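Trainee: Number 1692 in this note's numbering belongs to position 271 of the sequence shown; there are no gaps in the numbering.
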Amino acid sequence: MRIFINNADSYVGRALCADLRKVYDQENKILGTLSQGAEADAELLESMGVKRVVSRLDKQKYTSDILSCSLVVYDLQSADVEDVEYVIKELKVAELKHDVTFVLISSVMVWANTRKQYVPVKDDEEEEDPVDEEGEEVEVKKRPKELTDADLERRLPSPAHEAWKYLETLTLSLGSKEKLRPHVVGAGVLYGNGERTFNDLFKAAWLTQPIHKIIAPGDNYLPCVHVRDVARLVRVVASDSTVGPYLLAVDHSRLTQANIIQGIINQISHKREVPICPAEEVDSDFKEVLSLDIILEPSAPLKDPSFSWWCRDGIVANIEKVAAEFCKWRNLRPIKMVVIGPPGCGAERLCAQVAGRYLHEEPPHLTFDQIIADACSAPTRAARKLNKKVRKLEPGKKLPLKLRTKLVQSRLLSNVCRYRGYILEGYPTSFAEAEALFMEKVREEGEEEEAEAEAEEGEDEGEEEGEEEADEEEEEEAPPPEEDEEDEEQRPKFKVNESVVPEYGVLIQSAVARCKERIFNGEAKGPTREEDFVRTTAEYQGANLAEDGTPSTSEFFLEQCGLKMLPINIDACSEEEAFQAIRVHIESKGQFFNYLRSEEDLVREEQEKLERIQQERDAEQRRELQEQAEKEAALRQKLAGEEDLRRKVIAKNEAAHLEQEAQPLRQYLLAHVVPTLTAGLTEVCKEQPEDPIEFLAQYLFAHAQEVQTMELSS
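(1) Fully enclosed by the region 1423 to 1485, which beta strand (DSSP E) runs are 3 residues long or longer?
(2) If I measure Cβ to Cβ from valine 2167 and keep anything under 7 Å in the same chain, skipping five residues before and after, which residues do I get?
(3) If we require 4 or more residues per run, which alpha helix (DSSP H) segments fall completely within the region 1501 to 1587?
(4) Can you tell me where the beta strand (DSSP E) holding arginine 2025 begins and where it ends?
(5) Using three-state DSSP, classify alanine 2002 as helix, strand or coil.
(6) By DSSP's criteria, glutamine 1930 is part of a beta bridge. Which residues make up the other side?
(7) For valine 1760, which residues does DSSP report across the bridge?
(8) Please state whether the Cβ-Cβ distance between glycine 1847 and glycine 1762 is less than 9 Å.
(9) If you run the structure through DSSP and keep just helix, strand and coil, what is glutamate 1893?
(10) Alpha carbon to alpha carbon, what distance is there between leucine 1601 and isoleucine 1424?
(11) Where does the unbroken beta strand (DSSP E) through tyrosine 1840 begin, and where does it stop?
(12) Could you check what DSSP says for cysteine 1766 in three-state terms: helix, strand or coil?
(13) Could you tell me whether the region 2007 to 2019 touches the region 1747 to 1755, using the rule of 3 or more Cβ pairs below 8 Å?
(14) Rounded to whole angstroms, what's the CA-CA distance from valine 1759 to alanine 1993? Just pull it up for me.
(15) Alpha carbon to alpha carbon, how far is alanine 1934 from leucine 1814?
(16) Answer yes if the region 1674 to 1690 comes into contact with the region 1829 to 1843, meaning at least three C-beta pairs across the two stretches below 8 Å, and no otherwise.
(17) Leaving out the 5 sequence neighbours to the left and right, which residues in its chain are closer than 6 Å to alanine 1891 when beta-carbon positions are compared?
(18) Is the region 1781 to 1792 touching the region 1646 to 1662 in the sense that three or more CB pairs, one from each, lie closer than 8 Å?
(19) In angstroms with no decimal places, state the Cα-to-Cα distance between isoleucine 1716 and histidine 1673.
(20) Can you tell me the Cβ-Cβ gap for aspartate 1486 and valine 1475, rounded? I've got them flagged as a contact below 8 Å.
(21) Give the secondary structure of phenylalanine 1954 by DSSP, where H, G and I count as helix, E and B as strand, and everything else as coil.
(22) Which residue wins for smallest C-alpha separation from alanine 1670, given the options Asp1650, Ala1436, Lys1827 and Ala1855?
(23) As a quick exercise: from Arg1832, Ile1682, Glu1516 and Leu2079, pick the residue whose alpha carbon is nearest that of alanine 1626.
(24) Quick one: give me the first and last residue of the beta strand (DSSP E) that lysine 1916 is part of.
(25) Rounded to whole angstroms, what's the CA-CA distance from aspartate 1504 to threonine 1522? Just pull it up for me.
(26) Please list, in chain order, all residues of the same chain as glutamate 1599 whose beta carbon is under 8 Å from its beta carbon, the five residues on each side excluded.
(27) Starting from arginine 1602, follow its DSSP beta bridges and name the residues at the other end.
(28) Output yes or no for whether 9 Å exceeds the beta carbon distance between arginine 1832 and leucine 2017.
(29) Label glutamine 1457 either buried or exposed according to how many other C-beta atoms from any shown protein chain fall within 10 Å of its C-beta, with 16 as the threshold for buried.
(30) Straight-line CA distance for valine 1433 to isoleucine 2034?
(31) Does the Cβ of arginine 2067 have 16 or more other Cβ atoms within 10 Å, making it buried, or fewer, making it exposed?
(32) From the DSSP output, in three-state form, read off threonine 1974 for me.
(33) Proline 1849 and threonine 1974 look like a contact to me (Cβ under 8 Å); what is the Cβ gap, rounded to whole Å?
(34) Kindly list the residues whose CB is nearer than 7 Å to the CB of methionine 1469, restricted to its own chain and excluding five residues on each side of it in sequence; keep chain order.
(35) Reducing DSSP to helix, strand and coil, say where isoleucine 1736 ends up.
(36) Which same chain residues, not among the five before or five after histidine 2124, have their C-beta less than 8 Å away from its C-beta?
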């Protein structure tokens, strides 16, 4: 069978290629176009099973290729409306030489504004007429009544999907043409295969970003379907001519917007209550889709027991499967790494660098002490009991192995560590700790229930029993006695716990003296007392560097997990060289996306950072120079003012001094000169002689005797 798939490289197109390779138990030849602007990728097309790419440029050849196929599939969510209309009209007027099945994949958004009836929401345990404590009737919660494909004529689209309804109607009008069988698939909100509508929700959850919001009121119903189930329905349509012309492709779940968003959070991210916000506060390209409120019944082929469902019960019931698909399609790989080394080797700095590079914000960079502290700070009874045990520990003593294992394992099984990964620093420190943490017992039939029952009983034990159990567990840490060969078969079998085991391991090597120097110089964390350092170093060497054949932690990873630790002699290389060695070690197992910035982005960001720092330095220098110039100008102005004031004071003082010095002379003039001179001038005025100066001189000479007489008498 020849099959044509429009935009075979699109979200729906890839699912169609995967499920339409075989119809009627035979290999099919798939032809297809590519999305606008996309370039042909031979490797990608081969993986999808596309034999030939059809070009839209030559309309005649384009139409001819379509008419040569027995199954033609167009998906409106990735197609151009005008292109689809052109193809439908060409099919309507073409002379078909063989049977052709035309499938148009539409959306439930064509039903978005359909007038709905509401019915009460009733749970199995709910009373028919609920009343409150005062005996008054409580308002019954209602939901939209189910719509089926029989309500086809009632459907009303959202304004943005008017053209889609027109194309649906145009497709159904092809039913009267011979050798042409048209079908419209009204697909629910699509999920799976890396996501499209819910991509932002999954991405933010994977990154543990607390930005999720539910559009108020949040109890609206979203009819959903896995994209592969749509493809499988198309496969049924291709092989069964009895199916109806209009099919609703939705799964059997009835989930609200809040159910879906909360389900994604609870599976991938930190469990938290998602806030409900008004629509205007929510920024999403799919706001209209998330606000949809309608319940649709799947059409007959999807109710048939023989239908091969991929996610029959919906996204929340299959959230683990859907989340795994998201990680696979988006190339998101959890980076799980264990880093061990002697006390004072500086592992914490390397781990912080690796976590910052690969694990985004709030990276799960874990240490045993941090895990204990977090567990003790939890507001639970178990946390209080653990706190008491920790406080009762004597210096140098450890918590029981079983308890240590349970605490660390619980953290490694958290959503963030399962999906994003973890960097576990300084633990496990011995073969026994590694074995307890990363190995699990192979359970036989019926054994799982017993283990769960034992766990429940253990939670109800009192404090005294807990302490006794702790003592017993400490005894269990001793190496087990050798068993006879006859008992070998009766020993429980263990396997690697794939859910927590690391993918990478780093073994840091450093001399004791250098480790001690780092701690006491503040370059590394570790015991700051001499006796504590000696004790912890001896414990590490006994567990990992023993010469008596005792297996080390790195030997556990090699023998049991097939993981070869990366040895790094931190004394012989720089911290940057050690970090680059770890990077090569991590990326040697293949590239991954993980929403990491590319090397070009990192280099550009580093360059921009350096330029920004240089600009800040230049601006600081300019500011300092300007401040210095302003200070100098202010100082000069101050000095000039002070100098001016000083000069004024000096001038004033000189004037006062001169005036003081001139006081005796004035008195002499007033007493002996001024009276005679005044009289002489008066006579000059009276006489008005021709030569007043001569007259005045003679007058003064004539009266000089009087002046002398006055002086003598005085």
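Ideal placement from N, C-alpha and C gives every residue a C-beta, glycine not left out.
Keep in mind that this is a model prediction, so the values were computed, not measured.
Mentor: Let me lay it out:
(1) Residue ranges of uninterrupted beta strand (DSSP E) with 3 or more members, entirely inside the region 1423 to 1485 and ordered along the chain, are 1423 to 1426, 1450 to 1453 and 1471 to 1474.
(2) Only positions 1422 to 2135 of the chain appear in the structure, and residue 2167 is not among them; the question remains open.
(3) Listed in chain order, the complete alpha helix (DSSP H) runs (minimum 4 residues) inside the region 1501 to 1587 are 1502 to 1514.
(4) Run containing arginine 2025: none in the beta strand (DSSP E); it sits in the alpha helix (DSSP H), 2020 to 2089.
(5) DSSP places alanine 2002 in helix when its eight states are reduced to three.
(6) Answer by DSSP bridge pairing, in chain order: Asn1990.
(7) Beta-bridge pairing by DSSP links valine 1760 to Glu1846 and Val1927.
(8) Yes, these two residues count as a Cβ contact at 9 Å.
(9) In this prediction, glutamate 1893 has a pLDDT of 44, which is less than 50 and means its spatial position is unreliable; nothing more can be read from the coordinates.
(10) Roughly 14 Å between the two C-alpha positions.
(11) Boundaries for tyrosine 1840: no beta strand (DSSP E) harbours it, while the alpha helix (DSSP H) harbouring it runs 1836 to 1840, taken from the DSSP string.
(12) Coil at cysteine 1766, not helix or strand.
(13) By the Cβ test, the region 2007 to 2019 is in contact with the region 1747 to 1755, since at least three Cβ pairs between them sit closer than 8 Å.
(14) Distance between the alpha carbons of valine 1759 and alanine 1993: 21 Å.
(15) When rounded, the distance between both Cα atoms is 29 Å.
(16) Contact between the region 1829 to 1843 and the region 1674 to 1690 is present, because at least three Cβ pairs lie under 8 Å.
(17) Residue placement at alanine 1891 is flagged as unreliable, the pLDDT there being 42, under the threshold of 50; the coordinate-derived value follows with that caveat. If you ignore the 5 residues before and after alanine 1891, its C-beta comes within less than 6 Å of the C-beta of Pro1821, all in its own chain and listed in chain order.
(18) No: fewer than three Cβ pairs fall under 8 Å.
(19) Cα-Cα distance, rounded: 10 Å.
(20) Going by Cβ atoms, the distance from aspartate 1486 to valine 1475 rounds to 5 Å, so yes, they are a contact pair.
(21) The answer is helix: DSSP assigns phenylalanine 1954 an H, G or I state.
(22) Check the Cα spacing between alanine 1670 and each of Asp1650, Ala1436, Lys1827 and Ala1855: the tightest is with Asp1650.
(23) It is Ile1682.
(24) Looking at the DSSP string, the run of the beta strand (DSSP E) that includes lysine 1916 is 1915 to 1917.
(25) Cα-Cα distance, rounded: 18 Å.
(26) The beta carbon of glutamate 1599 is closer than 8 Å to those of Leu1517 in its chain, skipping five residues each way along the sequence.
(27) Arginine 1602 is bridged to Thr1522.
(28) Going by C-beta atoms, arginine 1832 is not nearer than 9 Å to leucine 2017.
(29) Burial call: exposed.
(30) Those two C-alpha atoms are separated by around 47 Å.
(31) Under this definition arginine 2067 is an exposed residue.
(32) Note: threonine 1974 maps to helix in three-state DSSP.
(33) The pair is a contact, with the Cβ atoms about 6 Å apart (cut-off 8 Å).
(34) For methionine 1469, where only same-chain residues beyond five positions count, the Cβ hits under 7 Å are Ala1429, Arg1435 and Cys1438.
(35) Three-state result, isoleucine 1736: coil.
(36) Only Thr2097, Ala2100 and Gly2101 meet the Cβ criterion.
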